[in-house]
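There are 4 protein chains.
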Amino acid sequence: MSQPGPDRQSGHVGCSLTLEVTAPSSIVIQIAAARRPAVTISERLEVVNNMVALPAQELTGAAGGRQHLLHVQPGSVTIEYDATITAGPGTPIRVTDEERVAALRPSRYCPSDRLTGMALSHFGEIPTALERVRAICDYVWRHVMYMSESSGPATDAVDTLLSARGVCRDFAHLVTALCRAVEVPARVAAVYAPGLALMDFHCVVEVEVDGHWQVWDATRLAPRPTLVRVATGRDAADIAFTTVTAGRAELRSLGVRAVAPGDLPADDHDRLIALG
Amino acid sequence: MSQPGPDRQSGHVGCSLTLEVTAPSSIVIQIAAARRPAVTISERLEVVNNMVALPAQELTGAAGGRQHLLHVQPGSVTIEYDATITAGPGTPIRVTDEERVAALRPSRYCPSDRLTGMALSHFGEIPTALERVRAICDYVWRHVMYMSESSGPATDAVDTLLSARGVCRDFAHLVTALCRAVEVPARVAAVYAPGLALMDFHCVVEVEVDGHWQVWDATRLAPRPTLVRVATGRDAADIAFTTVTAGRAELRSLGVRAVAPGDLPADDHDRLIALG
Amino acid sequence: MSQPGPDRQSGHVGCSLTLEVTAPSSIVIQIAAARRPAVTISERLEVVNNMVALPAQELTGAAGGRQHLLHVQPGSVTIEYDATITAGPGTPIRVTDEERVAALRPSRYCPSDRLTGMALSHFGEIPTALERVRAICDYVWRHVMYMSESSGPATDAVDTLLSARGVCRDFAHLVTALCRAVEVPARVAAVYAPGLALMDFHCVVEVEVDGHWQVWDATRLAPRPTLVRVATGRDAADIAFTTVTAGRAELRSLGVRAVAPGDLPADDHDRLIALG
Amino acid sequence: MSQPGPDRQSGHVGCSLTLEVTAPSSIVIQIAAARRPAVTISERLEVVNNMVALPAQELTGAAGGRQHLLHVQPGSVTIEYDATITAGPGTPIRVTDEERVAALRPSRYCPSDRLTGMALSHFGEIPTALERVRAICDYVWRHVMYMSESSGPATDAVDTLLSARGVCRDFAHLVTALCRAVEVPARVAAVYAPGLALMDFHCVVEVEVDGHWQVWDATRLAPRPTLVRVATGRDAADIAFTTVTAGRAELRSLGVRAVAPGDLPADDHDRLIALG
């Protein structure tokens with residue numbers, strides 16, 4: 014019986030960002046792997062503003078997520094993040110009452126209250142939450158086409174339902190909104206996704222099934238077992254990798270890295286998988 | 014061989030309206046049966062404003078429709094319309110090039126350009142226009158619930174798709190928008206509908222099939238062969254039975270009458286039927 | 014020098030709710046006064062489901078708010094809440110970094126990203142945050158008409174901007190969305206409002222001015238100094254007084270009580286006031 | 014006393030279009046100067062599909078406009094239009110009852126019924142139609158920024174109000190929607206616009222003032238007296254210079270030409286001017 018070696022147990026994720034800042038600005042970044050009970054993170058975060066290393070203030074986010082707040086001066090900002098992730102077996106996490114209540118509310122990009130009628134007429138008769146989620150993910154997978162640059166920052170789940178095209182966040186928003194509309198608590202997560210065809214930050218959905226959070230991805234673009242959670246929230250408004258909260262800054266370049274421990278696992282996109 | 018008697022050949026339609034007017038107003042009413050080649054109309058229109066008979070100026074509308082323009086003083090307005098309609102066999106009417114172009118454009122309540130993606134993903138693969146129309150009418154019939162007072166004057170086809178409920182105009186708007194989105198010219202018609210369960214003005218769809226206008230009704234609430242056309246247009250903005258174009262007036266009561274010549278015909282809501 | 018007597022120091026707030034439940038349901042209520050550093054609360058919460066007293070599970074909310082989770086059986090539910098509030102001087106509360114980031118994000122009913130252009134063109138040139146907030150509250154006060162039942166649960170700030178009418182939550186949503194769009198952190202609060210003309214739950218806005226939360230009310234319907242905070246959140250999705258998270262229940266009656274300690278204070282609706 | 018010579022009396026307008034067609038298609042073009050009582054047009058229209066000259070079927074449009082219907086095969090289509098326009102003095106045209114009724118209805122891109130409240134709260138107190146129109150044009154001019162490529166084909170007047178940016182059609186849609194909302198009949202016109210900074214097709218508004226159509230342009234990008242009317246309609250859905258009604262075709266290049274007779278006239282963008 015061979016033991017898996019250390020190379021197979023540890024995944025490597027990271028990213029490189031460059032921003033152009035044109036006014037003194039406050040920027041929140043969400044790029045660090047979330048702290049989770051079964052996950053060990055060895056990481057490095059470096060922020061340089063006009064050749065000077067800058068401290069990043071860590072704020073607490075949902076589900077172990079961490080936001081880093083930067084106060085930067087006009088000029089260039091480069092951000093480097095690298096982490097080695099050693100994860101134990103992905104054990105499902107219990108949904109708290111507070112989380113359940115929040116995950117049923119409509120949100121900016123998942124206005125579940127606007128499409129309740131459509132959701133009920135298509136999925137309302139399906140008896141169990143699990144079957145409803147499967148039917149919703151299947152519907153979105155069949156009817157929405159993945160197309161780069163087919164949506165913008167203001168695109169919401171209704172827009173995606175109507176245009177029938179989008180990127181990962183649009184798939185996640187539509188699945189989330191439809192789930193909430195049929196009383197299945199749902200939230201989104203930004204993740205590193207080893208195996209993603211065009212490497213980038215990825216966005217998936219977590220829904221409550223039998224009291225635990227389970228992850229779904231209607232894009233089917235990366236296997237779910239090796240996803241690495243970064244940020245968790247109601248929708249893209251909560252989990253953007255950069256948010257300028259004051260001042261003015263623009264993203265100039267972005268590179269994302271994600272390598273799984275060992276071979277990429279298979280994923281039939283149908284069974285229950287928990288996001289670490 | 015018995016000949017059908019006169020009672021069986023002539024339908025009777027009409028309506029009674031009362032408006033309360035609180036400022037000198039201009040009101041357009043569309044309640045008279047449209048003039049059509051194969052239709053003979055014997056009618057009476059009476060407008061009384063504060064006990065005084067008022068002339069109604071007839072304006073020309075699309076597809077033989079007639080608008081009546083009233084200039085009224087504050088107080089009460091009562092309108093009585095009655096017509097005996099003798100219709101020949103319902104022969105399909107050719108679609109003109111001008112009509113086809115107009116019937117493909119998005120309109121206020123049928124914003125076909127907003128739901129093109131959804132329409133193509135659901136109905137775009139169906140080869141013929143006729144089959145696409147049938148699939149669309151069937152989809153709307155199955156997924157939208159008829160419910161009185163479930164929509165308002167600003168409700169459009171997207172709202173109806175999302176809420177999955179509506180009244181006859183909402184069914185007509187959604188069918189029309191979906192048809193246009195898959196390149197089937199479509200327009201709406203206000204009609205008298207003998208046999209309608211709760212008698213009222215009714216609203217149906219005309220689409221082009223093989224060069225001719227054919228009528229569809231996804232509510233399935235009245236047989237199509239005995240419908241009597243009143244007004245024809247892009248959507249409800251064009252065919253409202255009353256529009257206040259200046260001043261201020263409110264509808265106080267409405268009664269609609271529609272009796273078919275002879276027994277009500279059967280309608281499987283699937284075959285081709287032309288609106289006279 | 015006379016000391017204010019106990020009658021003048023303590024306010025009294027409370028409410029009575031009746032719900033009709035038609036399926037086993039989970040209901041979240043937010044009706045209890047928030048726990049705040051300078052506030053002493055003496056309270057009583059009674060829930061009765063079909064004549065049987067029911068325990069209410071307390072969940073933690075933002076800014077000292079408390080949600081109560083009820084699991085109820087079909088039949089009737091009556092809820093009685095009464096509290097005596099003794100508040101110290103209303104000292105402004107510091108805005109944390111986490112709160113600031115969240116209060117700048119667009120939300121379901123305050124889609125600030127959709128009206129950024131309009132907000133900047135009307136208020137973007139105003140130099141300080143305080144002056145921008147005053148101009149926004151003044152604009153909403155002048156252009157939006159308070160009208161009962163003029164909006165519904167799906168109405169958002171854009172709808173209110175367009176319809177120019179609404180109730181307290183609509184005023185709060187529009188002010189909040191406009192503030193966020195010009196980079197002023199803003200959130201909403203449900204409050205008991207002594208002096209409110211038609212007594213009901215009330216909804217106001219908190220914005221960051223010079224690092225502290227300050228309260229604004231563009232309806233001008235109740236003085237701000239005697240408001241009692243209940244729930245705090247991004248918009249009405251977070252602070253509804255009842256949310257059915259599973260099952261089916263409908264509100265049958267609601268009575269709200271709010272009496273200030275002593276005479277109602279004056280409020281020019283322009284100066285800085287902190288919500289306790 | 015010198016008479017103006019022929020060079021000063023005749024304007025020259027025209028355009029060159031190239032389309033790439035990938036399926037047998039029907040295309041409607043609206044590029045020819047409208048036939049008007051006081052206007053003499055000497056013109057040439059050439060359509061070439063894969064090196065073969067193609068006939069263009071002329072359809073009748075509103076206000077003397079002409080649509081040309083083309084049935085084309087896959088490959089390239091080039092369209093050349095040139096016209097010499099000799100216009101008499103621009104005498105205002107009477108508004109017919111049918112036109113007035115149609116120009117008060119909401120339309121796809123001018124959903125006046127959605128912003129009635131906002132329009133009334135900003136402009137409803139202004140006594141005369143002319144003053145309301147001036148106030149609306151001034152509001153749009155001050156609050157909306159002209160920005161190329163800031164809108165798309167689905168952008169409507171509400172989107173423009175919110176984003177506060179747009180191109181000529183967006184300015185025209187917002188003015189039109191606001192006018193209709195305060196009971197001023199309004200429609201849009203596509204025009205050739207001598208003097209337009211970046212030469213292109215231009216879009217302006219016609220509103221009824223004292224029974225006649227008068228032209229307004231809240232972009233202020235070209236003088237109104239030398240505009241040449243092409244197409245007239247409810248909004249951009251009616252006046253697009255190309256519409257593919259069946260098949261698939263994409264615009265590859267567009268060049269527009271417009272030269273005024275003589276020097277460009279001054280325009281204060283405030284007085285009454287009729288569009289020929």
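So the protein lines, in turn, are chains A, B, C and D.
Here this note's numbering runs 13 ahead of the position in the first sequence, where the first position is 1.
Here this note's numbering runs 13 ahead of the position in the second sequence, where the first position is 1.
Here this note's numbering runs 13 ahead of the position in the third sequence, where the first position is 1.
Here this note's numbering runs 13 ahead of the position in the fourth sequence, where the first position is 1.
Glycine residues also receive a C-beta, built at the ideal position from the N, C-alpha and C atoms.
Computed from a predicted structure; not experimentally measured.
Residue 103 (chain C) carries a coil assignment under DSSP once its states are collapsed to helix, strand and coil. Closest option to residue 142 (chain D), judged by alpha-carbon separation, among D:134, D:229, D:220 and D:263: D:220.
For residue 28 (chain B), there is no enclosing alpha helix (DSSP H); the enclosing beta strand (DSSP E) has its first and last residue at 23-42. Distance from the CA atom of residue 224 (chain A) to the CA atom of residue 134 (chain B), rounded to whole angstroms, is 34 Å.
Within 10 angstroms of the beta-carbon of residue 70 (chain C) lie fewer than 16 other beta-carbons, which makes it exposed.
Below the 7 Å Cβ cutoff, chain D contributes 259 as neighbours of residue 196 (chain B), in chain order. Between the alpha carbons of residue 182 (chain A) and residue 117 (chain C) lies a gap of roughly 20 Å. Taking a 10 Å sphere around the C-beta of residue 248 (chain D), we find 16 or more other C-beta atoms and assign the residue as buried. Note on the segment 239-266 of chain C: whole beta strand (DSSP E) runs with a minimum of 3 residues are 241-246, in chain order. DSSP, reduced to helix, strand and coil, places residue 54 (chain A) within a strand of the structure shown. Sequence-distant partners of residue 66 (chain A) (beyond 5 residues in either direction) whose C-beta falls short of 8 Å from its own C-beta, in its chain, are 59 and 60. Rounded to whole angstroms, the Cβ separation of residue 237 (chain B) and residue 280 (chain B) is 5 Å, and the two are in contact under 8 Å. Cα atoms of residue 72 (chain B) and residue 111 (chain D): separation of roughly 7 Å, rounded to the nearest angstrom.
Taking C-beta atoms under 8 Å as the contact rule, residue 227 (chain A) and residue 187 (chain A) fail to qualify, at a distance of about 18 Å. The three-state reading of DSSP puts residue 93 (chain D) in strand, counting E and B together.
A straight line joining the alpha-carbon of residue 25 (chain A) with that of residue 81 (chain A) spans about 20 Å. Counted as a single uninterrupted DSSP element, the beta strand (DSSP E) harbouring residue 228 (chain B) occupies residues 225-229.
For residue 130 (chain B), the neighbours in chain A by C-beta distance under 7 Å run, in chain order, 175, 176, 177 and 178.
Two segments are said to touch when three or more pairs of C-beta atoms, one from each, lie closer than 8 Å; by this definition the segment 77-92 of chain B does not touch the segment 101-110 of chain B.
In the structure shown, residue 73 (chain D) adopts extended strand secondary structure according to DSSP, grouped into three states.
Within 10 angstroms of the beta-carbon of residue 266 (chain D) lie fewer than 16 other beta-carbons, which makes it exposed. Within chain C, 120, 121 and 250 have C-beta atoms less than 8 Å from the C-beta of residue 120 (chain A), given in sequence order.
Interface annotation for the segment 58-85 of chain C against chain D: empty, criterion Cβ-Cβ distance under 9 Å. When only Cα atoms are considered, residue 37 (chain B) and residue 84 (chain B) end up about 7 Å apart.
Judged by pairs of C-beta atoms under 8 Å, the segment 250-266 of chain C touches the segment 41-48 of chain C, as three or more such pairs exist. Under the Cβ criterion of 7 Å, residue 244 (chain D) is not counted among the residues facing chain B. Not flagged as an interface residue toward chain B: residue 172 (chain D), since no C-beta distance is shorter than 7 Å. Annotation note: the segment 121-201 of chain C contains the following uninterrupted alpha helix (DSSP H) runs of length 4 or greater, listed N- to C-terminal: 129-136, 142-156, 170-176 and 181-194. Excluding its 5 nearest sequence neighbours in each direction, residue 77 (chain D) has C-beta neighbours in its own chain below 7 Å: 47, 48 and 49, listed in chain order. Identification of chain C residues near residue 124 (chain A) by a Cβ-Cβ cut-off of 7 Å yields 121, ordered along the chain.
With respect to chain C, the C-beta atom of residue 277 (chain A) has no partner C-beta closer than 7 Å. Contacts with chain D (Cβ-Cβ distance below 9 Å) from the segment 130-157 of chain C involve 130, 131, 132, 133, 134, 135, 155, 156 and 157, listed in chain order. Non-local C-beta neighbours of residue 63 (chain A) in its own chain, meaning closer than 7 Å and more than five positions away in sequence, comprise 86, 88 and 89, ordered along the chain. One thing to note: residue 114 (chain C) has its Cβ within 7 Å of the Cβ of residue 258 (chain A). The alpha-carbon separation between residue 169 (chain B) and residue 272 (chain D) amounts to approximately 42 Å. Counting along the chain, residue 79 (chain A) sits inside no alpha helix (DSSP H); it lies in the beta strand (DSSP E) bounded by residues 79-85.
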